[in-house]
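For reference, the structure is listed below as structure tokens.
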Ligand code: G3H
Ligand code: 13P
Ligand code: ZN
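In the numbering used here, the protein residues as written are 10 to 324.
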């Protein structure tokens, strides 16, 4: 089937108390691992491409991989720009055939964020593309922007009143909110508590409106242990507990972004293969197991998010 927007998946997710997984793709192994997991679990999926991924892989290669996934499966797949920072990059992605774009001006003042978002919404909607926007600030590093520090994330959660006004002014289709999560593998110094009250309050004030949670990797300890065992050095990494991710998925959060955990799965497996087979130099012998590790990680996520088995109702 052709690419879909996120409209139907979000409606089903909102009504059904689950969230759709949005996974970052940069290369063929990530693409095949994600799609393989979604096929086995019959799950809808959002494949998201950052500006860095566009530069790294060349969008034409990534689009060809996605076209192949569409031809080989019957899954509802949305192709999404992750953290677009200008009108121009969002326009480029709309013109390139993306079905969803994110404009992220969350670091700019409210008025500037709202006005650029509105410009993107107008262009995207004319072309049948949906728009995710962001208000509030996350921690960690997203693209080249350094977010607030791990100690300060709770001070920068989204203000529900601003969120309502922002959606009204811009007409965006979904909204990424800051509720205490961060990007990357070093999200917290101690076990976190997310600001579920913020999600709940925005949800109550915008009934039926889909929210998005970024920075949702859980940084599973067993993968960090494997990476460190096989020559890595990732001390003090910590992610969002999986039960907190599952709880958000049952609320108004309809899209949950995961990148870091896939990177960890791939890295841990490649390190293990190299450590156990120092003479190995055939990329298929380490990228193949790496791809399988990505697939297993995505399957785990689909169950936490509750979107396993939900492909049919999202077509
Ligand atoms: O939010 C950022 C995503 O994890 C994408 O990361 O910009 O390194 O591709 P990237
Ligand atoms: P993680 O770094 O927690 O995987 O978050 C990814 C993300 O939010 C991409 O937009
Ligand atoms: Zn993000």
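Using N, Cα and C, we set each Cβ at its ideal position, and we do this for glycine too.
Alpha-carbon spacing of residue i relative to residue j, whole angstroms
{"i": "residue 271", "j": "residue 297", "result": "14 Å"}
{"i": "residue 50", "j": "residue 120", "result": "42 Å"}
{"i": "residue 48", "j": "residue 299", "result": "18 Å"}
{"i": "residue 58", "j": "residue 31", "result": "10 Å"}
{"i": "residue 287", "j": "residue 324", "result": "46 Å"}
{"i": "residue 239", "j": "residue 34", "result": "25 Å"}
{"i": "residue 266", "j": "residue 36", "result": "17 Å"}
{"i": "residue 260", "j": "residue 290", "result": "46 Å"}
CB contact flag (residue i, residue j, <9 Å)
{"i": "residue 188", "j": "residue 167", "result": "yes"}
{"i": "residue 173", "j": "residue 221", "result": "no"}
{"i": "residue 15", "j": "residue 316", "result": "no"}
{"i": "residue 275", "j": "residue 224", "result": "no"}
{"i": "residue 74", "j": "residue 111", "result": "no"}
{"i": "residue 81", "j": "residue 44", "result": "yes"}
{"i": "residue 52", "j": "residue 84", "result": "yes"}
Close beta carbons around residue i, own chain, < 6 Å, minus the five adjacent residues each side
{"i": "residue 255", "result": "313"}
Residues that DSSP places opposite residue i in a beta bridge
{"i": "residue 176", "result": "DSSP, once it has assigned bridges, lists no residue as partnering residue 176."}
{"i": "residue 33", "result": "57"}
{"i": "residue 87", "result": "55"}
{"i": "residue 142", "result": "112 and 184"}
{"i": "residue 195", "result": "247"}
{"i": "residue 100", "result": "According to DSSP, residue 100 bridges with nothing at all."}
{"i": "residue 267", "result": "32"}
{"i": "residue 222", "result": "265"}
{"i": "residue 93", "result": "112"}
Buried versus exposed, by CB contacts within 10 Å (16 or more), residue i
{"i": "residue 226", "result": "buried"}
{"i": "residue 122", "result": "buried"}
{"i": "residue 199", "result": "exposed"}
{"i": "residue 62", "result": "buried"}
{"i": "residue 294", "result": "exposed"}
{"i": "residue 280", "result": "buried"}
Same chain, Cβ closer than 7 Å to residue i, five either side skipped, listed in chain order
{"i": "residue 251", "result": "227 and 313"}
{"i": "residue 306", "result": "270, 271 and 274"}
Cut-off 8 Å between Cβ atoms - residues of its own chain near residue i, not counting five sequence neighbours on either side
{"i": "residue 105", "result": "68 and 72"}
{"i": "residue 1", "result": "Coverage of the chain is limited to positions 10 through 324, which leaves residue 1 absent and any answer about it impossible."}
{"i": "residue 302", "result": "42, 274, 275, 277 and 278"}
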